[in-house]
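Asker: Residue numbers (the numbering used here), protein chains in the order written: chain C, 655 to 943; chain L, 59 to 427.
Even for Gly, the Cβ is constructed at its ideal location relative to N, Cα and C.
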Amino acid sequence: MANLAKAKVGSDRNRTFLLILIPVLILFVAFNTFPLLTGVFYSFTDSKGYGAFNMVGLQNYIDLFGDARVGNSYLFTFKVAVVSTLITNVISLVLAMGLNSKIKFKSAFRALYFVPQILGALVVGYVFSYFFTYIVPALTGTGSILASTEWAWVAIVVVCCWQSIAQTTIIYITGLQSVPEDVYEAGNLDGATGWNLFRYITFPLIMPSVTTNMVLVMKNMLMVFDQIVAMTSGGPAQSTESISYLIYNNGLSGGQFGFQCANAVIFFILIAVISVAQTKFLNSREEQL
Amino acid sequence: MAELSLEHVGKTYPNGYEGVKDFNLQIADKEFIIFVGPSGCGKSTTLRMIAGLEDITSGTLKIDGRVVNDVEPKDRDIAMVFQNYALYPHMTVYDNMAFPLKLRKVDAAQIDKIVREAARILDLEKLLDRKPSALSGGQRQRVAMGRAIARQPKVFLMDEPLSNLDAKLRVQMRAEISKLHDRLGATIIYVTHDQTEAMTLGTRIVVMKDGVMQQVDTPSNLYSKPCNLFVAGFIGSPQMNFIDARVGEKGGKITLTFGANTITVPDAKAKALKPYVGKVVIAGIRPEDVVEEHEYAENKKLSEKIAATVTVYELLGSEAMIYGDVDGGQISAHLSATNPVRTGDRIQVAFDVDKLHVFDKETELAIVH
Numbered sequence: 655m656a657n658l659a660k661a662k663v664g665s666d667r668n669r670t671f672l673l674i675l676i677p678v679l680i681l682f683v684a685f686n687t688f689p690l691l692t693g694v695f696y697s698f699t700d701s702k703g704y705g706a707f708n709m710v711g712l713q714n715y716i717d718l719f720g721d722a723r724v725g726n727s728y729l730f731t732f733k734v735a736v737v738s739t740l741i742t743n744v745i746s747l748v749l750a751m752g753l754n755s756k757i758k759f760k761s762a763f764r765a766l767y768f769v770p771q772i773l774g775a776l777v778v779g780y781v782f783s784y785f786f787t788y789i790v791p792a793l794t795g796t797g798s799i800l801a802s803t804e805w806a807w808v809a810i811v812v813v814c815c816w817q818s819i820a821q822t823t824i825i826y827i828t829g830l831q832s833v834p835e836d837v838y839e840a841g842n843l844d845g846a847t848g849w850n851l852f853r854y855i856t857f858p859l860i861m862p863s864v865t866t867n868m869v870l871v872m873k874n875m876l877m878v879f880d881q882i883v884a885m886t887s888g889g890p891a892q893s894t895e896s897i898s899y900l901i902y903n904n905g906l907s908g909g910q911f912g913f914q915c916a917n918a919v920i921f922f923i924l925i926a927v928i929s930v931a932q933t934k935f936l937n938s939r940e941e942q943l
Numbered sequence: 059m060a061e062l063s064l065e066h067v068g069k070t071y072p073n074g075y076e077g078v079k080d081f082n083l084q085i086a087d088k089e090f091i092i093f094v095g096p097s098g099c100g101k102s103t104t105l106r107m108i109a110g111l112e113d114i115t116s117g118t119l120k121i122d123g124r125v126v127n128d129v130e131p132k133d134r135d136i137a138m139v140f141q142n143y144a145l146y147p148h149m150t151v152y153d154n155m156a157f158p159l160k161l162r163k164v165d166a167a168q169i170d171k172i173v174r175e176a177a178r179i180l181d182l183e184k185l186l187d188r189k190p191s192a193l194s195g196g197q198r199q200r201v202a203m204g205r206a207i208a209r210q211p212k213v214f215l216m217d218e219p220l221s222n223l224d225a226k227l228r229v230q231m232r233a234e235i236s237k238l239h240d241r242l243g244a245t246i247i248y249v250t251h252d253q254t255e256a257m258t259l260g261t262r263i264v265v266m267k268d269g270v271m272q273q274v275d276t277p278s279n280l281y282s283k284p285c286n287l288f289v290a291g292f293i294g295s296p297q298m299n300f301i302d303a304r305v306g307e308k309g310g311k312i313t314l315t316f317g318a319n320t321i322t323v324p325d326a327k328a329k330a331l332k333p334y335v336g337k338v339v340i341a342g343i344r345p346e347d348v349v350e351e352h353e354y355a356e357n358k359k360l361s362e363k364i365a366a367t368v369t370v371y372e373l374l375g376s377e378a379m380i381y382g383d384v385d386g387g388q389i390s391a392h393l394s395a396t397n398p399v400r401t402g403d404r405i406q407v408a409f410d411v412d413k414l415h416v417f418d419k420e421t422e423l424a425i426v427h
């Protein structure tokens with residue numbers, strides 16, 4: 655009897671769990687998995703995004719590798735992603751150490767540094783666009799870097815970093831707080847201070863946070879989009895055209911729907927591979943606390 | 059190895075709380091000093107001030123004659139064993155022990171020799187390649203000890219190093235630490251709240267309460283001559299019996315009266331009690347100095363008989379404890395395991411009056427031992 659009752663309670667509970675999960679699953683499949691699969695399907699067509707289309711097999715994929723514009727967008731995106739990821743992580747780690755120390759107004763500072771996170775990327779992009787177009791040239795007496803094919807990417811990096819530092823810093827602060835105080839004290843007594851303390855004790859012990867941040871920031875930066883819409887629209891002369899922007903722009907309004915779907919599929923696979931590889935590599939350097 | 063001197067050392071926190079007040083202590087080379095006291099008595103704070111992990115607010119700390127108040131922890135030439143071991147989780151046992159030496163740029167061959175020697179002493183040789191997460195509590199504790207030994211410091215500081223171990227392991231490690239002290243001939247300062255650890259390990263014990271040093275003495279003196287009520291109650295388990303008693307004088311003898319019981323104080327202790335005639339004092343007697351009728355012995359100077367009712371009987375194996383009510387108070391006593399007394403029995407006990415302690419009720423200071 656007791657077992658039966660237990661089984662009944664169990665099945666009731668399972669039904670509740672299913673009731674919670676199934677609607678979400680349906681929504682996820684409808685708005686994520688299904689479009690993804692549709693996208694894969696269209697990547698084998700010459701669809702313009704409207705009207706009739708023909709199946710073209712792997713032609714889109716073959717063309718992708720010969721397309722200079724696509725090639726340039728990959729180069730630009732990876733350049734921005736790698737540079738931004740490094741800069742964001744270094745600055746965030748320094749900030750986190752400052753905000754984790756025994757300083758006055760610590761909470762106020764933490765709140766202040768978190769503000770960029772709650773602002774929309776487009777808003778931030780427009781603000782910085784104004785900043786680079788009017789304020790910086792007025793201060794330095796030079797032209798806007800947004801108008802320079804050589805330097806516009808730097809402006810994108812600055813904006814991306816400025817915004818992503820907020821969340822990255824919070825994750826580093828959490829990581830730093832998980833290191834037991836007495837381990838630092840033992841380090842101090844053993845002669846590790848300053849740089850040695852960071853190198854031998856702090857950094858190895860916050861490797862889990864480093865992994866999380868490297869993967870998250872890299873992924874976000876590879877998908878850079880809003881900032882480009884707000885600041886350069888891919889220009890000047892397509893010099894700041896990111897992969898996402900190219901897929902969006904040429905896929906939806908450039909009549910290359912099928913072709914850019916193929917691009918999106920390749921891009922998706924690439925990000926997945928990079929994230930998994932990064933996690934694997936960095937996990938091997940993590941330590942169990 | 060080293061001598062330490064703490065002169066009027068005090069610690070006041072920014073909020074005005076005084077953690078340690080006017081702490082004075084000279085520690086000789088090779089001494090094993092124990093700081094003992096209840097939680098929050100300032101013992102760990104004092105240790106951390108010696109380590110340099112807490113600032114000293116007032117007073118002077120000297121190691122080998124050099125004032126080190128403002129010297130960095132790493133330059134004080136001390137090693138510390140922490141309560142939670144504080145091992146470096148990302149380093150192997152070997153690297154944990156080698157780390158302080160590497161930072162001091164000792165050459166690799168020398169490091170290897172020192173680490174292996176420390177590992178041999180602590181029986182860690184087979185664990186050198188493991189990380190702390192793969193070790194048991196007792197093994198981690200030994201690694202923490204090994205790291206301190208490898209460092210070859212002037213002074214070892216130990217902050218409740220055994221408190222996270224189970225009872226059996228604690229007894230084992232206690233013996234290990236004691237052996238280690240003999241072997242290294244090191245100056246050790248050891249913090250604990252466990253009075254058994256304090257009594258068994260220390261050459262001298264510092265008893266602290268509320269940031270104030272109560273008594274510094276050898277374990278046996280602390281036990282037989284506690285300077286005040288707190289020390290008398292803190293050292294010894296089960297603790298000393300305390301009974302409020304009125305001092306009287308009868309036929310030239312000094313007496314103590316509680317309830318219907320009156321005992322005569324031996325002449326040797328009578329003089330100190332003279333000024334207290336007519337006043338209430340606190341009489342203290344340890345459970346082993348309360349003798350039950352069946353165990354009266356010739357060689358003990360026993361008091362008048364006191365009637366008691368046994369409320370609790372505990373057989374501990376080789377011996378037993380009884381707790382009972384007497385007129386005017388309660389009392390606990392050690393019995394031999396063969397003693398037939400059991401719960402509910404009406405018995406007669408007597409105090410071994412040579413071991414009687416008397417404390418001033420107002421100041422709580424010892425009047426006579």
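For V354(L), count neighbouring Cβ atoms within 10 angstroms of its own Cβ and tell me buried if that reaches 16, exposed if not.
Answerer: Per the sequence shown, the amino acid found at residue 354(L) is Tyr instead of Val. The residue is exposed, with fewer than 16 neighbouring Cβ atoms inside 10 Å.
Asker: Please state whether the Cβ-Cβ distance between D135(L) and P72(L) is less than 7 Å.
Answerer: no
Asker: By the 10 Å Cβ neighbour count, where 16 or more other Cβ atoms means buried, how is M655(C) classified, buried or exposed?
Answerer: Low confidence applies here, because M655(C) scores a pLDDT of 49, under 50, leaving its location unreliable; read the following figure in that light. With fewer than 16 other beta carbons inside 10 angstroms of its own, M655(C) counts as exposed.
Asker: Could you spell out where the beta strand (DSSP E) holding H239(L) opens and where it closes?
Answerer: From DSSP, H239(L) is part of no beta strand (DSSP E) but of the alpha helix (DSSP H) over A225 to L242.
Asker: Which residues, in order along the stretch 841-856 of chain C, keep a beta-carbon less than 9 Å from a beta-carbon of chain L?
Answerer: G841, N842, L843, D844, G845, A846, T847, N850, Y854 and I855
Asker: Looking only at C-alpha atoms, which of Q713(C), A820(C) and Q892(C) sits nearest to C746(C)?
Answerer: It should be noted that the sequence gives Ser, not Cys, for residue 746(C). Among Q713(C), A820(C) and Q892(C), the Cα nearest to that of S746(C) is on A820(C).
Asker: Buried or exposed: which applies to V678(C), given that a residue is buried once 16 or more other Cβ atoms fall within 10 Å of its Cβ?
Answerer: exposed
Asker: Shortest alpha-carbon distance to G774(C) belongs to which of V813(C), N743(C), S761(C) and D844(C)?
Answerer: Comparing Cα-Cα distances from G774(C) to each of V813(C), N743(C), S761(C) and D844(C), the minimum goes to V813(C).
Asker: May I have the straight-line CA-CA distance separating L924(C) from I882(C), to the nearest angstrom?
Answerer: 21 Å
Asker: What's the gap between the Cα of G195(L) and the Cα of V384(L)?
Answerer: 46 Å
Asker: How would you list, in chain order, the residues of chain L whose beta-carbon sits under 8 Å from the beta-carbon of P834(C)?
Answerer: N142 and A144
Asker: Give the C-beta separation of F93(L) and L105(L) to the nearest angstrom, bearing in mind that I take them to be a contact with Cβ-Cβ under 8 Å.
Answerer: 6 Å
Asker: Who are the Cβ neighbours of V78(L) in its own chain at under 6 Å, not counting the five residues just before and after it?
Answerer: G68, K69, G100, T103, T104 and G269
Asker: If contact means a Cβ-Cβ distance below 7 Å, which residues of the stretch 144-160 of chain L contact chain C?
Answerer: A144, Y146, P147, H148, F157 and P158
Asker: Check whether the Cβ atoms of G204(L) and F316(L) sit closer than 7 Å, and answer yes or no.
Answerer: no
Asker: Just checking: is the beta-carbon of V837(C) within a distance shorter than 7 Å of some beta-carbon in chain L?
Answerer: yes
Asker: Does the Cβ of T369(L) have 16 or more other Cβ atoms within 10 Å, making it buried, or fewer, making it exposed?
Answerer: exposed
Asker: Decide if G829(C) is buried, meaning its Cβ has at least 16 other Cβ atoms within 10 Å, or exposed.
Answerer: buried
Asker: With 7 Å as the threshold, decide whether the Cβ of P858(C) is near any Cβ in chain L.
Answerer: Closer than 7 Å to some Cβ of chain L, the Cβ of P858(C) qualifies, so yes.
Asker: In this structure, what does DSSP give as the bridge partners for E76(L)?
Answerer: Answer is T70(L), bridged to E76(L).
Asker: If we define contact as Cβ-Cβ less than 7 Å, is L180(L) a contact residue for chain C?
Answerer: no
Asker: How would you list, in chain order, the residues of chain C whose beta-carbon sits under 9 Å from the beta-carbon of I136(L)?
Answerer: L843
Asker: Which value, in whole angstroms, describes the spacing of the CA atoms of A3(L) and E183(L)?
Answerer: Lying outside 59 to 427, the shown extent of chain L, residue 3(L) is not represented and no answer is given.
Asker: Let me know the secondary structure DSSP gives M655(C) once reduced to three states.
Answerer: Only weak support is given to the placement of M655(C): the predicted model assigns it a pLDDT of 49, under 50, and the question is left unresolved by the model.
Asker: Could you run through the stretch 64-80 of chain L and flag, in chain order, every residue whose CB is less than 7 Å away from some CB of chain C?
Answerer: none
Asker: Closest to E372(L) by CA distance: which of D133(L), V126(L) and R400(L) is it?
Answerer: R400(L)
Asker: Straight-line CA distance for M149(L) to V837(C)?
Answerer: Near 12 Å, if we compare the C-alpha coordinates of V837(C) and M149(L).
Asker: For E89(L), which three-state DSSP category applies?
Answerer: coil
Asker: State the DSSP-derived secondary structure class of Y945(C), mapped to helix, strand or coil.
Answerer: It is not possible to answer for residue 945(C), since the shown part of chain C is limited to 655 through 943.
Asker: What in chain C is Cβ-close to P131(L), meaning under 7 Å?
Answerer: N842 and L843
Asker: Following the continuous beta strand (DSSP E) through G382(L), name the residue where it begins and the one where it ends.
Answerer: E377 to V384
Asker: Using a Cβ-based criterion (distance less than 6 Å to any ligand heavy atom), does F409(L) qualify as near the ligand HEM?
Answerer: No copy of the ligand HEM occurs in the structure displayed, which carries no ligand at all.
Asker: Name the two residues that bound the continuous beta strand (DSSP E) containing A355(L).
Answerer: First-last for A355(L): undefined, no H or E at that position.
Asker: Please determine, among E350(L), D325(L) and N299(L), the residue with the shortest C-alpha to C-alpha distance to K311(L).
Answerer: Minimum Cα distance to K311(L) is reached at D325(L).
Asker: Report back the beta-carbon spacing between M868(C) and T731(C) to the nearest angstrom; my notes put them in contact at under 8 Å.
Answerer: With a Cβ gap of about 17 Å, M868(C) and T731(C) do not count as contacting.
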